[in-house]
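Positions in the sequence shown are counted from 1; adding 2 to them yields my numbering. Where is the CB? At the ideal position from N, CA and C, for every residue including glycine.
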Amino acid sequence: MTTIADRLAVAQSRIAQAAQKCARLPHSIHLLAVSKTKPIADIIAAYDAGQRCFGENYVQEGVTKIESLKTTHPDIEWHFIGPLQSNKTTLVAQHFDWMHTLSREKIALRLNEQRPANLAPLNVCIQINISDEDTKSGINAQQMLPLANSISQLPQLRLRGLMAIPSATDDTEQQTRELSELKHLFDTLKQHYPDVDTLSMGMSNDLDLAIAYGSTMVRIGSAIFGERDYSSKETTI
Numbered sequence: 003m004t005t006i007a008d009r010l011a012v013a014q015s016r017i018a019q020a021a022q023k024c025a026r027l028p029h030s031i032h033l034l035a036v037s038k039t040k041p042i043a044d045i046i047a048a049y050d051a052g053q054r055c056f057g058e059n060y061v062q063e064g065v066t067k068i069e070s071l072k073t074t075h076p077d078i079e080w081h082f083i084g085p086l087q088s089n090k091t092t093l094v095a096q097h098f099d100w101m102h103t104l105s106r107e108k109i110a111l112r113l114n115e116q117r118p119a120n121l122a123p124l125n126v127c128i129q130i131n132i133s134d135e136d137t138k139s140g141i142n143a144q145q146m147l148p149l150a151n152s153i154s155q156l157p158q159l160r161l162r163g164l165m166a167i168p169s170a171t172d173d174t175e176q177q178t179r180e181l182s183e184l185k186h187l188f189d190t191l192k193q194h195y196p197d198v199d200t201l202s203m204g205m206s207n208d209l210d211l212a213i214a215y216g217s218t219m220v221r222i223g224s225a226i227f228g229e230r231d232y233s234s235k236e237t238t239i
């Protein structure tokens with residue numbers, strides 16, 4: 003029987019091989035294990051295999067897991083990677099370490115105001131809608147620098163970089179075009195904000211290409227935890 007530890011090792015090996023192909027150091031690419039809809043026991047299994055960074059898409063589900071594990075597993079780094087409505091910003095500001103999907107100044111202002119003073123600034127990534135799909139969240143390229151400027155002035159937020167979900171396609175040319183544009187935007191952002199260090203892009207289907215185009219954080223879920231059951235997920239994100 004294949005275990006979570008086995009699948010995690012395979013994912014880490016894929017990252018290392020992809021990094022070596024483009025002359026990058028494997029440790030420069032972080033694996034974010036996407037644990038949405040999965041039970042706490044699965045997170046603990048991945049933790050016991052060495053994983054420390056976990057991504058959650060649904061606010062209340064994520065907060066429940068954080069609260070359950072904060073005493074026994076205090077070194078877990080929790081990343082919020084789902085769409086966020088303004089009525090749930092308080093929960094993200096108070097419980098998560100990272101927020102990957104920032105695309106509105108209103109949300110940035112709320113997160114900054116609601117981040118507890120005793121916590122480190124919330125790490126945030128600006129989400130880019132690189133495929134220009136109506137069904138995806140994120141901003142266009144022209145909006146990136148104005149939003150980054152707003153975030154940079156908020157003391158309880160720390161701008162770390164960009165996040166995107168490129169098109170789910172087998173068209174390598176389209177994938178390459180979108181990933182290349184993201185790399186260009188990331189480099190542009192770094193020119194204005196040298197402390198920026200995170201390009202969150204790439205999942206199981208495009209991991210190799212994403213790493214070739216500079217991804218520093220790949221998000222892998224089902225390949226580690228198995229297929230998902232969405233029947234009990236939150237209806238309002």
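- Annotation for histidine 97: the continuous alpha helix (DSSP H) segment containing it runs 91-97.
- Contact between the segment 204-217 and the segment 119-139 is absent, with fewer than three C-beta pairs closer than 8 Å.
- By DSSP's assignment, isoleucine 141 forms a beta bridge with Ile130.
- According to the DSSP assignment, methionine 203 belongs to no beta strand (DSSP E), since it is labelled neither H nor E.
- Nearest Cα to lysine 185 within the set Leu93, Asn59, Ile128 and Gly216: Gly216.
- Membership of glutamate 58 in the beta strand (DSSP E) is indicated by the continuous run 55-58.
- By a beta-carbon distance limit of 8 Å, isoleucine 83 contacts asparagine 59. Their separation comes to about 6 Å.
- Boundaries of the alpha helix (DSSP H) around methionine 146: 146-154.
- Note on geometry: alpha-carbon atoms of glutamine 96 and proline 118 lie some 6 Å from one another.
- The closest CA to that of proline 168, considering only Gln158, Val126, Asp50 and Gly140, is found on Gly140.
- The beta-carbon separation of alanine 13 and alanine 225, rounded to 6 Å, stays under the 8 Å limit for a contact.
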